[in-house]
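For what it's worth, my numbering labels the leading residue of the sequence shown as 3, then goes sequentially. Only one structure is covered here, and it is reproduced in the block below.
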Amino acid sequence: MKADVLLGLQWGDEGKGKLVDVLTPKYDVVARFQGGPNAGHTLEFNNIKHITHNIPSGIFRDKSINLIGNGVVLDPITFRAEINAILRLGVDLKDRLKVSKKAHLIMPTHRILDAASEASKGQTKIGSTLRGIGPTYMDKTGRNGLRVGDIISQSFHDKYNFLTKKHQEILKQYNYEYDLKEYEEGWFEGIEAIKNFELVDSEYLINTFLNEGKTVLAEGAQGTMLDIDFGSYPFVTSSNTICAGACTGLGISPHKIGEVMGVFKAYCTRVGSGPFPSEQNNEVGESLRRYGGEFGATTGRPRRCGWLDLPMLKYAIMINGTTQLMMTKADVLSHFDTIRVCTAYRHNNQITDQLPFDINTPIEPVYTEIKSWKPDLTGIRKSNELPAELMNYVRFIEKNTGIPVKIIGVGAGREQFIELN
Ligand code: GDP
Ligand code: IMO
Ligand code: MG
Numbered sequence: 003m004k005a006d007v008l009l010g011l012q013w014g015d016e017g018k019g020k021l022v023d024v025l026t027p028k029y030d031v032v033a034r035f036q037g038g039p040n041a042g043h044t045l046e047f048n049n050i051k052h053i054t055h056n057i058p059s060g061i062f063r064d065k066s067i068n069l070i071g072n073g074v075v076l077d078p079i080t081f082r083a084e085i086n087a088i089l090r091l092g093v094d095l096k097d098r099l100k101v102s103k104k105a106h107l108i109m110p111t112h113r114i115l116d117a118a119s120e121a122s123k124g125q126t127k128i129g130s131t132l133r134g135i136g137p138t139y140m141d142k143t144g145r146n147g148l149r150v151g152d153i154i155s156q157s158f159h160d161k162y163n164f165l166t167k168k169h170q171e172i173l174k175q176y177n178y179e180y181d182l183k184e185y186e187e188g189w190f191e192g193i194e195a196i197k198n199f200e201l202v203d204s205e206y207l208i209n210t211f212l213n214e215g216k217t218v219l220a221e222g223a224q225g226t227m228l229d230i231d232f233g234s235y236p237f238v239t240s241s242n243t244i245c246a247g248a249c250t251g252l253g254i255s256p257h258k259i260g261e262v263m264g265v266f267k268a269y270c271t272r273v274g275s276g277p278f279p280s281e282q283n284n285e286v287g288e289s290l291r292r293y294g295g296e297f298g299a300t301t302g303r304p305r306r307c308g309w310l311d312l313p314m315l316k317y318a319i320m321i322n323g324t325t326q327l328m329m330t331k332a333d334v335l336s337h338f339d340t341i342r343v344c345t346a347y348r349h350n351n352q353i354t355d356q357l358p359f360d361i362n363t364p365i366e367p368v369y370t371e372i373k374s375w376k377p378d379l380t381g382i383r384k385s386n387e388l389p390a391e392l393m394n395y396v397r398f399i400e401k402n403t404g405i406p407v408k409i410i411g412v413g414a415g416r417e418q419f420i421e422l423n
């Protein structure tokens, strides 16, 4: 079998978590391959709203195995809190959640370093979620990091103390006050919580599953425009959020990648700093935020909102080798008479549909106006009941990208989606 990948094509928060939950009954295994608790994936079912951060979004379907892959950076503190919240919902996850020994651990001092670094940047800050993501990946690539497999070793505490001291030396460069004790106790409790789960050589496990004919869904976090190599650098996260990240973050060969499902909102949002060519810093943006409930699932920050950006979507499709599109939040645009789509950019006095190297320089979007759909979509479940204007919008996107839209989201609930043929 080949592993399917589901990932974000914009700046994150496209509705990946909901779709993973929807698709999980078709899969034996759901695996996160990168990122950490900077992710906030919202699932809504049976009047429950749950947000996953470290744990794959397949956890609420009781037949599938959920794997935290080697490419993930795991925070013991938020992991433990998340486990407890899921247990309180009556979900038995002991035998279904497995953690890669090669996943790196976010240490208390990684979080403090993240906060100190952001504070020192002032106006130029990235708008990090302050979960310690950047410093942890820096230690991974700097070959200093602590991994999940280390927690059972005799020398774990020595390694922890050594790296903590090193971080404290670095922190002296910042004029930043911190209280390590505040985090440390919870961190070691979190380490004990991790020990309750099977720690696995996940690359062997996942390849064995694939060889046995089991179905695997790789769940991306963040989005393509936050990718460390191809996103709006430096306003990005510190991992490869793209399809290739599923290969390195799980140990799957590129030959074993099947469908690549790219999720995008019918419009665009971004949380944190950085360029956003089609941003609507006006009444339109406020309406999108209000009707779309656009507030960060991890930090609660208001999301910046704007129109769909087709050059960016095409770029993301190219980088990921996207084979299927999934468009969420179509219901939100029912509140508008007309909508706009950015189809090209005016940059350096030229019209282009390519993202320039420095997308931090002024880019003026060129828009096409499209008639919106008025009916409330939230109760619709069949594709033949969708308004013609919405189908025009879908066909317009398909024509411009060359990729079929397979699913349309019409609400936050588990049932609120429509499959297109
Ligand atoms: P993720 O990080 O990609 O999983 O997305 P988030 O959970 O951070 O943000 C997506 C938000 O949109 C959440 O509040 C979801 O419950 C909600 N959502 C997902 N799909 C839809 C949809 O089709 N319509 C509406 N109205 N909300 C949706
Ligand atoms: P999900 O998986 C939206 C953004 C942050 C910041 C930048 C770097 O829910 O889609 P980091 O904490 O990674 O160092 O922050 O990336 N960011 C996200 N934005 N959704 C996410 O995840 C994000 N994870 C990080 O806001 O701009
Ligand atoms: Mg999110």
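A virtual CB, placed ideally from N, CA and C, is assigned to each residue, including glycine. None of these values were measured; they are calculated from a predicted model.
- Fewer than three Cβ pairs drawn from the segment 235–247 and the segment 45–62 lie within less than 8 Å of each other, which leaves the two stretches out of contact.
- If you draw a 10 Å sphere on the C-beta of His257, you find fewer than 16 other C-beta atoms in it, and that means exposed.
- The shortest C-alpha to C-alpha distance from Gly253 to any of Gly73, Asp339, Lys331, Gly19 is the one to Gly73.
- Secondary structure note for Ile114: its alpha helix (DSSP H) is the uninterrupted segment 110–123.
- Per DSSP, reduced to three states, the secondary structure at Gly215 is coil, with no helix or strand assignment.
- Less than 9 Å divides the Cβ of Gly134 from the Cβ of Asp77.
- Note on geometry: alpha-carbon atoms of Thr340 and Gly276 lie some 27 Å from one another.
- Counted as a single uninterrupted DSSP element, the beta strand (DSSP E) harbouring Thr54 occupies residues 50–54.
- Counting only runs that start and end inside the segment 275–310, the beta strand (DSSP E) elements of at least 3 residues fall at 306–308.
- Under the three-state reduction of DSSP output, Phe164 falls in the helix class.
- In this structure the segment 324–332 touches the segment 13–20; the number of beta carbon pairs closer than 8 Å is three or more.
- Listed in chain order, the non-local C-beta contacts of Val24 below 7 Å within the same chain comprise Arg416, Phe419, local neighbours out to five positions each way being set aside.
- The beta carbon of Asn362 lies closer than 7 Å to those of Pro277 in the same chain, with the five residues before and after it left out.
- Annotation for Ile409: the continuous beta strand (DSSP E) segment containing it runs 407–411.
- Contact annotation: Cys245 and Ile230 have beta-carbon atoms that are not nearer than 9 Å.
- The chain-ordered list of residues whose CB is nearer than 5 Å to some heavy atom of ligand 3 reads Asp15, Gly42, Ala299.
- By alpha-carbon distance to Tyr269, the top candidate from Ala121, Ile399, Gln36 is Ile399.
- Distances from the CB of Ser130 to the heavy atoms of ligand 2 include at least one below 8 Å.
- Distance check between Ala121 and each of Ser280, Leu165, Tyr180, Ser157 places Tyr180 closest, using alpha-carbon atoms only.
- With a cut-off of 8 Å, the C-beta of Ile53 is classified as near ligand 1, since at least one heavy atom of the ligand falls inside that distance.
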